[in-house]
Amino acid sequence: MRDFAERLLAWLIRLAFAALRALGPDHASALGGFVTPRIGPLTRNHRHAMENLRLAFPERSEAERAAIAREAWENLGRTTCEYVHLAALFDVEGGRVEADEATFARFAALKASGRPALVFAAHLANWELPAVAAHRMGQPAAILYRTPNNRHVAADIIALRAPIMGQLIPAGLAAPIRMAEALDQGLTLGMLVDQRFGRGPRVPFFGVPAASNPFLARLARRFEAPVHGLRAIRLPGNRFRLELTEALDLPRDAGGKVDVEATTALVNRIIEGWIREHPGQWLWMHRRWR
1 MRDFAERLLA
11 WLIRLAFAAL
21 RALGPDHASA
31 LGGFVTPRIG
41 PLTRNHRHAM
51 ENLRLAFPER
61 SEAERAAIAR
71 EAWENLGRTT
81 CEYVHLAALF
91 DVEGGRVEAD
101 EATFARFAAL
111 KASGRPALVF
121 AAHLANWELP
131 AVAAHRMGQP
141 AAILYRTPNN
151 RHVAADIIAL
161 RAPIMGQLIP
171 AGLAAPIRMA
181 EALDQGLTLG
191 MLVDQRFGRG
201 PRVPFFGVPA
211 ASNPFLARLA
221 RRFEAPVHGL
231 RAIRLPGNRF
241 RLELTEALDL
251 PRDAGGKVDV
261 EATTALVNRI
271 IEGWIREHPG
281 QWLWMHRRWR
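The opening position of the sequence shown corresponds to residue 1 in the working numbering, with each subsequent residue numbered one higher.
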């Protein structure tokens, strides 16, 4: 019975994906941006979003925080409906994606170095685009991703992602080993690091201690690999800007090794800065500080 239910759900999702493909990237994005701001505030997740916004922006009014939450719901809907159009969205020549010369130069330098590197991103704008960008720019990369519980849906997601993102590493018990193997192979390893990680160090995020993911810092300590941040920014007209930071100057302990907790805190500060610039483009519905 369970397998039948999972197959039925996978079939329904395939139908939804087919409908979104038929709409094209602009209309699909607009549909998501229209629906979710009307449905999202009726859900329990909206309460989580407002709690998070009160914690992060105590100086703002409730109306201002509600406006940010509404924009965040719109961004989530757009991102969800853009999923089947990721390949089309990454269109530099057509003007859908832009980046400054420094970002293009850093991508080129990473590719030319042949060395492993670590790249972190956050659930901002369309957070799938940075992985697509690295692959399309010829960067040999491996991406850490969360596998859907439904194995049929998971297979469809892998089939969709693999051609446009490169090597995929599912989150799980074997993930640290596979991430280390990717770095041993000289790949650039990308991961989203802005969600709660219960077993991680509690370091400040918007001034409040938050359990944070230390894997990036641990790998930087082990491999002495450069660490960069990569973000997408949603622009008007269903366009995006990509920004790749220069290699971070990582804090070190008395022995000269990368300090894991201090590096995790540094990454949190960078992501916090990104969110403060465009607060309506972050995934506030996640229970980051629970």
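By construction, the Cβ of each residue, glycine as well, lies at the ideal position given by its N, Cα and C atoms.
If you're wondering where the values come from, they're calculated on a predicted model, not measured in any experiment.
Determine the direct distance from the alpha carbon of residue j to that of residue i, and round the result to whole angstroms.
i, j, result
"leucine 168", "glutamate 128", "13 Å"
"glutamate 82", "arginine 21", "9 Å"
"leucine 124", "valine 35", "19 Å"
"isoleucine 270", "glycine 229", "8 Å"
"arginine 151", "methionine 165", "20 Å"
"glycine 237", "glycine 256", "47 Å"
"arginine 96", "alanine 133", "12 Å"
"histidine 85", "aspartate 253", "44 Å"
"phenylalanine 4", "asparagine 45", "29 Å"
"phenylalanine 240", "alanine 105", "18 Å"
"methionine 1", "alanine 10", "14 Å"
"valine 119", "glutamine 281", "20 Å"
"glutamate 59", "histidine 286", "21 Å"
"arginine 290", "proline 226", "31 Å"
"leucine 219", "serine 29", "36 Å"
"leucine 160", "arginine 14", "11 Å"
"proline 41", "isoleucine 157", "28 Å"
"proline 209", "glutamine 195", "13 Å"
"threonine 264", "proline 251", "10 Å"
"histidine 135", "arginine 202", "33 Å"
Can you give me the Cβ contacts of residue i inside the same chain, cut-off strictly under 7 Å, excluding the 5 residues immediately before and after it?
i, result
"phenylalanine 197", "Ala211, Ser212 and Asn213"
"proline 170", "Tyr145 and Thr147"
Please report the Cβ distance between residue i and residue j, rounded to the nearest whole angstrom; I am assuming they are in contact, meaning their Cβ atoms lie under 8 Å.
i, j, result
"valine 258", "alanine 232", "About 27 Å; that fails the 8 Å criterion."
"phenylalanine 223", "leucine 183", "5 Å"
"arginine 115", "glycine 24", "Their Cβ separation, rounded to whole angstroms, is 39 Å, which puts arginine 115 and glycine 24 out of contact at 8 Å."
"valine 154", "glycine 190", "For the record, residue 154 in the displayed sequence is alanine; it is not valine. Rounded, the Cβ-Cβ distance is 19 Å, inconsistent with contact."
"alanine 69", "alanine 49", "5 Å"
"leucine 242", "alanine 99", "4 Å"
Starting from the C-beta of residue i, find all residues in its chain whose C-beta is less than 6 Å away, skip the five residues before and the five after it, and write them out in chain order.
i, result
"leucine 283", "His123"
"glycine 200", "Ala211, Ser212, Asn213 and Pro214"
"glutamate 51", "none"
"alanine 108", "none"
"asparagine 126", "Thr79, Glu82 and Ala232"
"leucine 76", "Thr36"
To which residues does DSSP link residue i through a beta bridge?
i, result
"valine 97", "Phe240"
"valine 227", "Leu118"
"isoleucine 233", "Arg241"
"alanine 142", "Gln167 and Leu189"
"asparagine 124", "It is leucine, not asparagine, that sits at residue 124 in the sequence shown. Answer is Trp282, bridged to leucine 124."
"valine 258", "Arg252"
Using only the heavy atoms of the ligand GDP, determine whether one of them is closer than 8 Å to the beta carbon of residue i.
i, result
"leucine 283", "Ligands are entirely absent from the displayed structure, and the ligand GDP is therefore not among its contents."
Checklist entry - Where in the segment 190 to 224 do unbroken runs of the alpha helix (DSSP H), each at least 4 residues long, occur, reported from the N-terminal end onward? => result Runs of the alpha helix (DSSP H) inside the segment 190 to 224: 215 to 223.
Item to check | Within the segment 55 to 99, ranges of the beta strand (DSSP E) (whole runs, at least 3 residues) | outcome: Runs found: 97 to 99.
Item to check | Completely contained beta strand (DSSP E) runs for the segment 16 to 47, where each covers 3 or more residues | outcome: Whole beta strand (DSSP E) segments, 3+ residues: zero.
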